[in-house]
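Worksheet: one structure, shown below.
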């Protein structure tokens with residue numbers, strides 16, 4: 002399977018704990034995106050990387066959130082001091098910048114529940 | 030600012046009926062892309078189609094067809110002879126090229142239930 006993978010698929014944590022999610026993009030894709038999706042809503046953009054550079058961050062990405070893509074391959078999204086409002090599905094997507102049109106392919110997501 | 034509206038929250042049809050999912054978008058860019066994704070109960074978003082703003086040709090892929098009309102800023106999706114496996118949430122999304130912004134802006138989705 003050469004699609005986007007995410008780990009873990011599910012995470013339950015207590016309020017105040019830190020959590021980290023991992024995303025492995027499709028191997029030749031140079032762009033990687035993080036989105037958050039709450040129940041009954043469409044995904045909302047959080048941040049994106051081109052290779053190892055983080056090029057855009059949404060206002061949704063509070064200072065408790067940090068994302069990295071250290072070698073331009075996999076990425077991690079960390080949430081510090083989790084709050085109940087952080088409960089959501091965290092989706093990762095990757096794409097190839099072909100300078101004309103690009104399609105983002107999504108992973109299965111990490112479902113976070115903060116108790 | 031960009032916006033995508035999917036006014037139909039939920040649609041229920043009986044198998045073999047045709048169904049159209051509506052999508053209306055707003056953007057100031059002259060070059061943009063429109064997408065449809067399917068999200069089955071498993072949760073993974075599955076890419077269905079991408080359409081460039083300069084290409085208004087309608088597209089058909091098997092039982093799926095898409096109608097893009099710039100004059101009404103709409104990009105509607107029709108499933109012909111629906112099947113139970115089509116049951117999912119469908120999202121329309123927009124990305125803008127002129128501004129260089131790469132993020133997708135999604136609508137709130139339409140939940141399609143196909144009854145046997």
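Protein chains in written order, with my numbering: chain A, 2 to 116; chain B, 30 to 145.
A virtual CB, placed ideally from N, CA and C, is assigned to each residue, including glycine.
Selected residue, minimal CA-CA separation from residue 140 (chain B), among B:48, B:58 and B:31: Here the closest residue by C-alpha is B:48.
Rounded straight-line distance, which links the Cα of residue 55 (chain B) to that of residue 136 (chain B): Taken atom to atom, the span from the alpha-carbon of residue 136 (chain B) to that of residue 55 (chain B) is near 11 Å.
Selection of the segment 89-115 of chain B by Cβ proximity to chain A, strictly under 9 Å: none
From B:43, B:95 and B:51, residue whose alpha carbon lies closest to that of residue 110 (chain B): B:43
Neighbour flag for residue 79 (chain B) against chain A, beta carbons, 8 Å: yes
The beta strand (DSSP E) enclosing residue 25 (chain A), as first and last residue numbers: That run of the beta strand (DSSP E) goes 20-25.
Closer than 8 Å to chain A by CB, residue 133 (chain B): yes
Where the segment 14-35 of chain A meets chain B: residues whose CB sits under 8 Å from a CB there: 32 and 34
Whole-angstrom distance between residue 90 (chain A) and residue 38 (chain A), CA atom to CA atom: 5 Å
DSSP-derived helix/strand/coil call for residue 99 (chain B): helix
8 Å Cβ cutoff, residue 125 (chain B) in contact with chain A: no
Rounded C-alpha distance that separates residue 118 (chain B) from residue 68 (chain B): 5 Å
Cβ separation of residue 5 (chain A) and residue 108 (chain A), assumed to be a contact under 8 Å, to the nearest whole Å: 4 Å
8 Å Cβ cutoff, residue 82 (chain B) in contact with chain A: no
When B:78, B:82 and B:99 are compared against residue 104 (chain A), the one with the closest alpha-carbon: B:78
Closest by C-alpha distance to residue 32 (chain B), when choosing among B:40, B:72 and B:63: The shortest C-alpha separation from residue 32 (chain B) is found at B:63.
For residue 85 (chain A), the three-state DSSP class (helix, strand or coil): helix
Selection from B:52, B:30, B:85 and B:126 that minimises the alpha carbon distance to residue 107 (chain B): Across the set B:52, B:30, B:85 and B:126, the C-alpha of B:52 shows the shortest separation from the C-alpha of residue 107 (chain B).
Alpha-carbon spacing of residue 70 (chain A) relative to residue 144 (chain B), whole angstroms: 44 Å
Closest Cα partner of residue 11 (chain A) within the set B:57, B:72, B:41 and B:127: B:72
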